[in-house]
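Asker:
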Amino acid sequence: MISVYQEESRNSSNLGWLRGSHRFSFENDFDEENSSFGPMHVLNDDTITPKRGFGPNPRTDMEILYIVLNGKLRHADSLGNVMNTSFGSVQRMSAGTGVVHMEHNPSETDDVTFLQLWFEPEQRGLAPSYEATSFEVDALSGRLLPIASSNAMKNTVAKLHQNMTVYLSKLKQGSTITFKQEEGRRVFLFVIEGRLSLSNEIKEGAILYKRDSARIVNETKLKIEGEHEAAETFFMLIDLP
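Residue numbers for the sequence shown, in this note's numbering: 82 to 322.
Structure (structure tokens):
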């Protein structure tokens, strides 16, 4: 089954210095029927203005990813980590038994836009940890590129403490990718830029536009095709339990 959620159905907030759209229930935007998809609890699409940020915030027992789309994001935490990241980099923080963290836009002039994702770990009470990894932006075209996974074997893939993999991809118009969905697994798809078509083996599906998402269960094979005429469609696919 393919369930599509359009961009305008997201909850949004605007604090002036922070503009955010929330795909799931988050803080004051509580929605009991939209609190999670398997172990996935948060997908926030955030923009922070120059020289502003949030925190310090305490966290426990959560796997948190930050994927910068534009600008620079500075992370600092109680473990002593301080890191600036931009597009082509991923930050992974395992909150475990407890960590305090801050996110900040260090630029004097430019906004930073990033995706913030939270997942339950397979095991609670882990030692808190942090890493920043980088991927080849040119390697996104025409393939699913893993950027975070429980099976991370390279230093270009962030290590997640959950049985899942996060992929990024870019597709030209007419280019396709096929993804095999294993029995009992979930797939979450999010269009970052552009437009794509998503269909199953019997050609049921939908067109997804910028910032639309889909939650997919009980399928076997998914076909994803780029539909945007002017540029490659940029999207994220998550395979999770």
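No residue lacks a Cβ here, since even glycine has one placed at the ideal position from N, Cα and C.
Being a predicted model, the structure only gives us computed values, none of them experimental.
Could you check if SER250 is buried or exposed, using at least 16 other CB atoms within 10 Å of its CB as the buried criterion?
Answerer: With 16 or more other Cβ atoms within 10 Å, it is buried.
Asker: Could you say which of HIS309, SER188, PHE216 and LEU289 lies nearest to SER84 if we only look at CA atoms?
Answerer: Comparing Cα-Cα distances from SER84 to each of HIS309, SER188, PHE216 and LEU289, the minimum goes to LEU289.
Asker: May I have the straight-line CA-CA distance separating ARG292 from VAL272, to the nearest angstrom?
Answerer: Approximately 5 Å between the Cα atoms of the pair.
Asker: With a threshold of 8 Å, are at least 3 pairs of Cβ atoms found where one atom belongs to the segment 214-223 and the other to the segment 119-136?
Answerer: No: fewer than three Cβ pairs fall under 8 Å.
Asker: Taking buried to mean at least 16 other C-beta atoms within 10 Å of its own C-beta, is ASN186 buried or exposed?
Answerer: So ASN186 counts as buried.
Asker: Starting from the C-beta of ALA233, find all residues in its chain whose C-beta is less than 6 Å away, skip the five residues before and the five after it, and write them out in chain order.
Answerer: Same-chain partners within the cutoff: LYS240.
Asker: In terms of DSSP beta bridges, what is LEU252 paired with?
Answerer: LEU252 pairs with THR314.
Asker: What is the C-beta distance between GLY147 and PHE195, in whole angstroms, given that I count them as a contact (C-beta under 8 Å)?
Answerer: Before going on, a small fix: residue 147 reads as Tyr here, not Gly. Confirmed, about 6 Å.
Asker: Is SER256 close to chain B? Criterion is C-beta to C-beta, closer than 8 Å.
Answerer: No chain B is part of this structure, which consists of one protein chain only.
Asker: In this structure, does DSSP put ASN244 in helix, strand or coil?
Answerer: Three-state result, ASN244: coil.
Asker: Hey, which unbroken runs of the beta strand (DSSP E) at 3 residues or more fall wholly within the segment 279-309?
Answerer: Here the runs fully enclosed are 286-290, 294-298 and 302-307.
Asker: Please say whether GLU306 and LEU252 have beta carbons closer to each other than 8 Å?
Answerer: Yes, Cβ-Cβ distance for LEU252 and GLU306 is below 8 Å.
Asker: Note down, in chain order, each residue of its chain lying with its Cβ closer than 6 Å to the Cβ of PRO227, except the 5 sequence neighbours on either side.
Answerer: Here the set comprises VAL238, THR246 and TYR248.
Asker: Does the distance from the CB of HIS122 to the CB of SER175 come in under 8 Å?
Answerer: Going by C-beta atoms, HIS122 is not nearer than 8 Å to SER175.
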